[in-house]
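Numbering (the numbering used here), first residue to last: 111 to 763.
This is how it looks when you write it as structure tokens:
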């Protein structure tokens with residue numbers, strides 16, 4: 111059957127108005143591509159690339175074009191590849207209407223895989239069939255570039271796991287770790303730091319409040335002391351994170367921790383002098399390219415230690431560029447929480463790298479003994495991996511939460527472990543740390559009233575604190591409360607709630623708010639501005655300026671950054687924000703508005719991220735069905751990295 115027909119004219123009766131921007135009009139509605147496009151399964155971008163590929167190769171089989179379109183679709187929805195044997199079920203569980211998807215003419219999976227394997231646009235022997243844009247491994251169909259990135263990350267990590275530094279002096283390292291991580295409360299962190307001292311690759315995983323950045327700062331101090339004792343130069347250290355906001359927080363945390371360590375003054379100065387950058391800036395921008403950088407395998411980074419925080423936010427392609435640019439003889443330390451939201455782009459890199467080590471002890475007996483000798487901490491008496499792998503020697507998961515306890519910690523753990531009944535029990539039991547309104551926050555007026563009252567009360571308090579001239583109290587108030595939403599737009603979206611709250615604050619006659627840049631307005635930066643040293647996600651508050659006028663003030667570690675509103679082009683009011691945007695932040699209290707249970711973004715990772723943004727208190731607004739959906743539905747992303755690193759028997763993340 112022909113793939114294309116003459117373009118339809120606007121207003122043709124068979125094209126619903128709500129599909130006018132998503133349907134490729136030049137497709138034959140009866141073709142495979144046409145029917146899948148009109149059902150909403152495939153977007154125009156998927157179609158156009160697939161049609162171009164099959165045209166160039168002279169392919170006429172509609173199922174080959176359909177496979178190519180699904181391979182293009184995969185990274186658009188977060189997958190590294192499309193599994194042709196299961197895509198019918200996974201597409202049904204996504205954003206498309208299940209009943210509509212079931213009516214489509216899906217190819218028989220076995221025959222479909224055979225046709226893809228025989229196609230001239232597909233390689234089944236990568237490396238020997240150059241120039242083919244797709245790669246097929248069993249039922250997994252990759253875009254060639256993503257297959258190469260996955261192989262590159264797996265190969266690089268495997269090489270690092272088998273390489274051990276030659277600069278470790280056990281006696282001195284053990285003494286330094288014992289002094290820098292004193293007492294039983296630091297035992298977990300001391301064991302994690304020992305891993306970074308002993309291995310060229312160290313992965314420190316753990317939830318909020320488990321002390322990941324504390325571990326990194328003290329681990330770096332141990333490495334600095336080790337170099338000083340050996341009479342060698344201090345290691346060159348790079349701190350990085352996926353976003354400017356996360357990078358700034360990492361640098362601030364390391365400096366704050368270093369300032370209180372009992373170490374030589376010169377070493378403390380070295381640690382306090384460390385700055386952090388985004389991974390993009392670390393690798394060096396290349397003019398005219400958004401995916402290639404100045405530093406790569408041919409021009410590696412000069413650093414001896416590279417620390418990357420919030421690794422869960424790194425997409426596969428950027429991790430591939432990073433590992434190729436870090437020297438093989440350097441230490442690479444990856445930090446993050448594999449249970450939190452993953453990158454918005456393709457891949458679940460940190461979850462794949464951590465793998466079974468998130469809930470098992472995976473170190474080999476040799477490395478476990480070396481680590482125990484160095485740290486003085488035995489391996490946890492939990493389930494132990496029966497088949498240790500090299501990557502298992504490099505991963506440590508911190509499990510003790512030092513930030514919050516009680517019902518809030520119970521709720522967070524119930525969500526993390528996928529136990530909906532336990533989460534409901536925690537919500538139903540009276541506790542000052544948790545409040546649950548079992549209603550739909552987008553339609554229930556009583557629930558909306560509670561949310562608005564709580565948010566506007568905080569907004570008024572912020573305005574009053576700012577007008578009193580208290581800079582510190584105003585900045586503390588900004589992080590005192592935040593309304594978190596799953597979506598940016600819509601009835602339950604952050605934009606809608608921001609508008610509601612701001613109108614109520616501005617309409618309070620006692621506050622006399624009369625301008626857009628009113629004193630007490632909380633603002634969030636929406637794009638990086640390196641000239642001003644402001645990054646996407648930075649939050650500040652508008653304060654009165656001495657001598658008249660106003661200024662926006664942001665916290666920079668122990669310093670304050672004041673900026674004239676005239677210089678701030680990309681900012682928004684932030685009484686409410688998306689849960690994605692809140693990742694990496696902390697607030698005294700959060701109000702979480704859950705979407706409808708059918709929302710495809712409502713997942714365990716999203717709910718866990720939202721709950722763990724709170725230091726002391728959570729107000730959760732959502733039906734029981736929405737809560738159950740959020741706890742039980744995991745982000746399901748097709749990725750082969752887990753099995754390449756941990757072996758074919760490794761379970762899904």
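Glycine residues also receive a C-beta, built at the ideal position from the N, C-alpha and C atoms. Remember, predicted model here, so these are calculated numbers, not experimental data.
- Grab me the residues of residue 611's own chain with a C-beta within less than 8 Å of its C-beta, minus the 5 sequence neighbours each way, in chain order. 562, 565, 566, 569, 593, 685 and 686
- From residue 640 to residue 428, what distance separates their C-alpha atoms? 20 Å
- Message: For a test of the three-state rule: what should DSSP assign to residue 645, helix, strand or coil?
- Response: coil
- Task: For the alpha helix (DSSP H) containing residue 354, list its first residue and its last residue.
- Result: 354-369
- Query: Does the Cβ of residue 93 have 16 or more other Cβ atoms within 10 Å, making it buried, or fewer, making it exposed?
  - Reply: The question about residue 93 has no answer, for the chain in this structure spans 111 to 763.
- Task: Note down the Cα distance separating residue 600 from residue 449, rounded to an integer number of angstroms.
- Result: 27 Å
- State whether the region 208-219 contacts the region 283-300, with contact taken as three or more CB pairs (one from each stretch) at a distance under 8 Å. no
- Query: Can you tell which of 357, 356, 674 and 480 has its C-alpha closest to the C-alpha of residue 656?
  - Reply: 674
- Contact under 8 Å by Cβ, residue 446 with residue 315: yes
- Message: Which residue marks the beginning of the alpha helix (DSSP H) containing residue 266, and which one marks its end?
- Response: 254-271
- Which class does residue 718 belong to by DSSP, given the choice of helix, strand or coil? helix
- Item | Own chain, CB closer than 7 Å to residue 203, minus 5 neighbours either side, in chain order | In this prediction, residue 203 scores a pLDDT of 41, lower than 50, which makes its location untrustworthy; the coordinate-derived value is nonetheless stated afterwards. Here the set comprises nothing.
- Task: Quick one: give me the first and last residue of the alpha helix (DSSP H) that residue 222 is part of.
- Result: 219-228
- Message: Using 8 Å for Cβ pairs, my map puts residue 312 next to residue 504. What's the rounded Cβ distance?
- Response: 6 Å
- Message: Could you give the first and the last residue of the continuous alpha helix (DSSP H) run that contains residue 728?
- Response: Residue 728 -> not in any alpha helix (DSSP H); beta strand (DSSP E) instead, spanning 724-731.
- Just tell me which of 365, 136, 433 and 366 has its CA closest to the CA of residue 393. 433
- Message: Which residues does DSSP list as the beta-bridge partners of residue 507?
- Response: 315
- Item | Pair within 8 Å by beta-carbon distance, residue 149 and residue 210 | yes
- What did DSSP end up calling residue 544 once you bin it into helix, strand or coil? strand
- Message: For residue 338 and residue 436, I'd like the C-alpha separation in whole angstroms.
- Response: 24 Å
- Query: Under 8 Å between the Cβ atoms of residue 484 and residue 304?
  - Reply: yes
- Give the secondary structure of residue 736 by DSSP, where H, G and I count as helix, E and B as strand, and everything else as coil. helix
- Query: What residues in its chain sit with their C-beta under 6 Å from that of residue 739, if we drop five residues either side in the sequence?
  - Reply: 707 and 712
- Are there 16 or more other CB atoms within 10 angstroms of the CB of residue 385, so buried, or fewer, so exposed? exposed
- Task: Using DSSP bridges, identify the partner residues of residue 661.
- Result: 653
- Item | Terminal residues of the alpha helix (DSSP H) in which residue 140 lies | No alpha helix (DSSP H) holds residue 140; DSSP gives it neither H nor E.
- Task: Determine the burial state of residue 454: buried for a count of at least 16 other Cβ atoms within 10 Å of its Cβ, exposed for fewer.
- Result: exposed
- For residue 136 and residue 145, the rounded distance between their alpha carbons: 12 Å
- Per DSSP, the bridge partner or partners of residue 191: 252
- Near residue 530, which residues of its chain fall below 6 Å by C-beta distance, leaving aside the five closest residues on each side in sequence? 738, 741 and 742
- Task: Return the Cβ separation of residue 228 and residue 193 in integer angstroms, given the expectation that the two are a contact with Cβ distance under 8 Å.
- Result: That pair is no contact at about 19 Å.
- Query: With 16 other CB atoms within 10 Å as the buried threshold, where does residue 343 fall?
  - Reply: exposed
- Item | Reference residue 147; option with closest CA among 166, 164, 190 and 175 | 175
- Query: Is residue 305 helix, strand or coil by DSSP?
  - Reply: helix
- Query: Which of the three DSSP states, helix, strand or coil, is assigned to residue 632?
  - Reply: strand
- Cβ pair residue 630, residue 701 closer than 8 Å: no
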